[in-house]
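FYI, UniProt numbering numbers position 197 of the sequence shown as 197, with every residue one higher than the one before it. Virtual Cβ for every residue (Gly too), placed ideally from N, Cα, C. Note that the structure is a prediction, hence the values are computed from the model and not measured. This report concerns only the one structure given below.
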Amino acid sequence: MINQLKVKTKDPTSGQQNLKLHQKVLSRIHKPLSDTNEESNNTSRSQVLKVQTKAHRRSARHWKLANVVPIYKKGSREESGNYRPVVGKLMETMLKEWIVEHLKTHRLQDQKQHGFTSGRSCQKNLIDFLDWVTKIIDKGGAVDIAYLDFSKAFGTVPHRRLINKLQSLSLDSNIVEWIRQWLSDRQQRVVVNGVNLAQGLVTSGVPQGSVLGPILFNIFISDIAEGINGKVCLFADDTKICNRVDVPGGISQMTNDLGKLKKWSELWQLSFNVDKCKIMYLGRKNPRAEYRIFDTVLTSTSEERDLGVIIAEDLRVSSQCNRAAGNASRMLGCVGSGISSRKREVLMPLYRALVRPHLEYCVQYWRPYLQKDIDILERCSTV
């Protein structure tokens with residue numbers, strides 16, 4: 001627990017030791033954490049959780065009040081739906097570590113999930129997906145990909161169903177109770193330009209901006225791929241399903257998989273935003289079948305932005321190269337016009353921090369192989 005505090009023990013200006021905050025915190029927490037010689041770690045852990053759970057019932061109201069600051073995502077800035085709502089971190093961090101330890105020990109982690117999971121990333125998600133697809137395409141096959149979008153996924157997770165899933169994992173009952181208390185009777189208010197609007201009761205969702213929120217969402221969505229026959233790739237709520245469709249039964253399998261996802265959505269009350277769900281057809285012999293979900297025909301697309309990388313139906317990377325080069329060039333222009341110095345020691349750190357990320361994000365997945373694409377990127381590679 002002490003390691004989770006991340007308290008600076010030195011004054012950043014003088015470099016002298018500064019342990020006042022440490023001593024103040026330790027005076028409160030040393031007792032429950034110093035009994036491990038008499039009892040096992042699990043017993044000590046349960047004692048801490050029991051104390052904290054009782055505290056929730058009495059006085060932890062400030063832990064349940066969130067100031068929601070609208071963060072713009074994409075689309076029209078006039079639409080309220082295009083903004084992301086972001087909101088006692090120490091206790092959450094401890095619980096997260098215990099939950100992750102439990103999932104690893106009992107092999108309960110979802111192997112298809114790449115989001116908010118140690119050792120996994122957007123890059124691994126994309127490479128895993130590409131490896132599966134290209135093995136089929138290289139043999140002359142055809143693949144249909146369904147890109148699925150949940151509607152306000154993090155904000156609509158039903159609390160009772162989430163608690164039921166936590167209990168099904170055989171987690172310590174004190175951990176489950178602490179989370180139940182933490183989620184119940186939560187309040188939030190919107191803060192715009194420093195003005196606090198009226199508070200409202202939060203009846204669903206995992207708190208965005210919290211430590212526990214991502215792991216709780218992963219647990220809630222962990223069984224979404226059960227019974228799915230096609231390839232499933234998850235990154236938090238970003239879901240894609242792939243099926244080979246140039247073989248007998250391939251199209252019906254894709255249809256059945258979408259039907260199973262519909263049933264899962266209805267059972268667990270996590271709705272799809274059908275208007276944003278897309279289908280992509282890969283392969284020359286693709287029959288381009290029509291698919292429905294909730295009686296709505298999925299719109300076909302020739303390009304889709306997947307975890308920040310543009311995927312094209314011909315699997316070429318020219319669009320992604322052009323986008324990366326464009327973003328890097330604009331950032332390079334901002335650096336050039338905003339910084340008067342032309343000294344290398346000034347420009348290089350800015351280039352590495354602001355320009356190179358646009359050129360290198362998941363580049364192992366979309367690395368260019370056509371000379372024209374390589375030339376476009378290399379024009380942005382010099383300061």
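Under a three-way DSSP split, which group does residue i fall into?
i	result
valine 87	The pLDDT assigned to valine 87 is 46, lower than 50, so where the model puts this residue is not dependable, and the model offers no usable value.
proline 214	helix
arginine 292	strand
phenylalanine 220	helix
threonine 9	At threonine 9 the pLDDT is 49, less than 50, meaning the model places this residue with poor confidence; the figure from the coordinates comes in the next sentence. Coil at threonine 9, not helix or strand.
tryptophan 268	helix
residue 384	Because the chain here runs from 1 to 383, residue 384 falls outside it and cannot be looked at.
arginine 379	coil
threonine 299	strand
proline 287	coil
residue 387	Here the chain covers residues 1 to 383 and nothing more, so residue 387 does not appear.
lysine 262	helix
proline 158	strand
lysine 372	helix
valine 100	helix
leucine 315	coil
cysteine 334	helix
lysine 231	strand
Can you pull the DSSP bridge partners for residue i?
i	result
asparagine 322	The partner list for asparagine 322 (beta bridge, DSSP) is empty, contrary to what the question assumes.
isoleucine 145	Cys242 and Met280
arginine 367	BP columns for arginine 367 are empty, so no partner.
isoleucine 310	Arg305
serine 204	Pro158
glutamine 113	Leu234
Taking the alpha carbon of residue i as the reference point, which residue from the options has its own alpha carbon closest?
i	options	result
arginine 180	Val192, Arg161 and Asn193	Arg161
isoleucine 137	Asn256, Gly283, Lys262 and Ile376	Gly283
serine 318	Pro368, Gly230 and Trp132	Pro368
phenylalanine 217	Gly250, Glu177 and Thr156	Thr156
glycine 227	Ile376, Trp264 and Leu201	Trp264
aspartate 149	Leu258, Asp128, Asp314 and Asp131	Leu258
histidine 159	Ser170, Gly205, Glu92 and Leu126	Gly205
histidine 102	Met91, Leu166, Asp128 and Leu130	Leu166
glycine 119	Cys321, Phe235 and Val335	Phe235
serine 252	Thr239, Gln269 and Gly230	Gly230
leucine 130	Val192, Asp314 and Gly250	Asp314
serine 151	Glu345, Ala353 and Asp237	Asp237
arginine 107	Tyr351, Ala153, Ile219 and Asp185	Ile219
If residue i sits next to residue j, beta carbons under 8 Å apart, how far is it from one beta carbon to the other, in whole angstroms?
i	j	result
phenylalanine 272	isoleucine 241	Not really, about 12 Å apart at Cβ, beyond 8 Å.
residue 388	tyrosine 365	No answer is possible for residue 388: the residues shown for the chain start at 1 and end at 383.
arginine 244	alanine 312	So it is not a contact: roughly 19 Å between Cβ atoms.
lysine 278	threonine 299	6 Å
glycine 200	glutamine 208	In fact, because the Cβ distance is near 15 Å, the residues do not count as touching under 8 Å.
isoleucine 215	isoleucine 99	6 Å
valine 274	glutamate 92	Not quite, the Cβ-Cβ distance comes to about 34 Å (not below 8 Å), so this is no contact.
glutamate 303	valine 297	Not really, about 19 Å apart at Cβ, beyond 8 Å.
valine 363	leucine 347	Between leucine 347 and valine 363 the Cβ distance is about 22 Å, and since that is not below 8 Å, they are no contact.
tyrosine 147	methionine 254	In fact, because the Cβ distance is near 13 Å, the residues do not count as touching under 8 Å.
(request) Enumerate, from N- to C-terminal direction, the unbroken beta strand (DSSP E) stretches of 3 or more residues contained entirely within the region 160-195. (result) 186-192
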